[in-house]
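Everything below concerns the one structure shown next.
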Amino acid sequence: MNGQQTDGEERLGHLFSSEHASLEQSMEKLKQLVYQSRIMNAQTVEEFRLTIAQLVDSLQEHHRREEELLFVALTESLGYTAQPVQMMMEEHRQLVSQLSKLREETVCCQCAGRETTRLREVTTTLYRLLHDHFHKEEKLLFPMAEHVLDQAKKAAIMEAVKETGRGV
6 MNGQQTDGEE RLGHLFSSEH ASLEQSMEKL KQLVYQSRIM NAQTVEEFRL TIAQLVDSLQ
66 EHHRREEELL FVALTESLGY TAQPVQMMME EHRQLVSQLS KLREETVCCQ CAGRETTRLR
126 EVTTTLYRLL HDHFHKEEKL LFPMAEHVLD QAKKAAIMEA VKETGRGV
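All the letters of the sequence shown, read from the start, carry residue numbers 6 to 173 under the working numbering.
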């Protein structure tokens, strides 16, 4: 492949990156909710729980698309599972684990007068993990996919993402 990107190649990375942007907005909302006061009232806790639920659903759908479409295509094209793909899959598991911790802490904050210190710590850790993960994918994995995958595979991935209702 020559060093120039065609329109289709740029769109593959952009497709997943635009999902990252939407997920980061949800994460930012979580941070704002948890940092707005030291003690969360019932309404804030409920809004936080709903935002977590939406984030979990969107993130799981995003991970599924990456793993079933992009990661599989990279593995097939390379003939083996590349280290960056393995690393991203492990980080997906870490993110899901951190989201579980966040849900547990949210339940604890429903007790009257409970401070948000631990909830803030878990939220901040999740925020950093998510941001770092997206950065690695955008700087390492997506360019690798654009370089390694042929145009037909990229087009097939993009079509499959559209069919799954890219509503992240």
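For each residue, glycine too, the CB sits at the ideal point set by N, CA and C.
* Asked: Cα-Cα, which of Lys106, Met93, Ala150 and Arg125 is closest to Phe139?
  -> Looking up residue 139 in the sequence shown gives position 134. Ranking the options by Cα distance to Phe139, first place goes to Met93.
* Asked: Within 10 angstroms of its Cβ, does Glu142 collect 16 or more other Cβ (buried), or is it exposed?
  -> Mapped onto the sequence shown, residue 142 falls at position 137. The residue in question, Glu142, is buried, as its Cβ has 16 or more Cβ neighbours within 10 Å.
* For the stretch 18-97, list the alpha helix (DSSP H) runs that are entirely contained and at least 4 residues long, ordered along the chain. => Listed in chain order, the complete alpha helix (DSSP H) runs (minimum 4 residues) inside the stretch 18-97 are 47-70 and 77-83.
* **Where Asp137 sits in the DSSP three-state scheme** => Within the sequence shown, residue 137 is the residue found at index 132, counting from 1. In this structure, Asp137 counts as helix in the three-state DSSP scheme.
* 7 Å Cβ shell around Leu145 - same chain, five flanking residues per side excluded -> Within the sequence shown, residue 145 is the residue found at index 140, counting from 1. Around Leu145: Pro89.
* Under the rule that 16 or more other beta-carbon atoms within 10 Å means buried, what is Val166, buried or exposed? -> The residue labelled residue 166 in the question sits at position 161 within the sequence shown. In summary, Val166 is buried, with 16 or more beta-carbon neighbours lying within 10 Å of its beta-carbon over all protein chains present.
* Using a Cβ-Cβ cut-off of 7 Å (strictly less than) and excluding sequence neighbours within five positions of Ala78, which residues of its own chain qualify? -> Residue numbering aside, residue 78 sits at position 73 when the sequence shown is read from its first letter. Taken in chain order, the residues that qualify are Leu154, Lys158 and Ile162.
* Asked: With 16 as the cutoff for other CB atoms within 10 Å, does Arg70 come out buried or exposed?
  -> Within the sequence shown, residue 70 is the residue found at index 65, counting from 1. The residue in question, Arg70, is buried, as its Cβ has 16 or more Cβ neighbours within 10 Å.
* To do: Evaluate Leu135 with the Cβ neighbour count: other Cβ atoms within 10 Å of its Cβ, from every protein chain shown; 16 or more gives buried, anything less gives exposed.
  => Along the sequence shown, one-based indexing puts residue 135 at 130. With at least 16 other beta carbons inside 10 angstroms of its own, Leu135 counts as buried.
* **Cβ pair count under 8 Å reaching 3, the stretch 45-55 against the stretch 95-102** => Below 8 Å, too few C-beta pairs join the stretch 45-55 and the stretch 95-102 to call them touching: fewer than three.
* Asked: Are at least three pairs of beta-carbons, each pair with one atom in the stretch 30-43 and one in the stretch 124-132, less than 8 Å apart?
  -> Because the criterion of three Cβ pairs below 8 Å is met, the stretch 30-43 and the stretch 124-132 touch.
* To do: In the DSSP assignment, find the unbroken alpha helix (DSSP H) run with Glu164 in it and report its ends.
  => Here residue 164 is taken as the residue at index 159 of the sequence shown, counted from 1. Element bounds for Glu164: Gln156 to Glu168.
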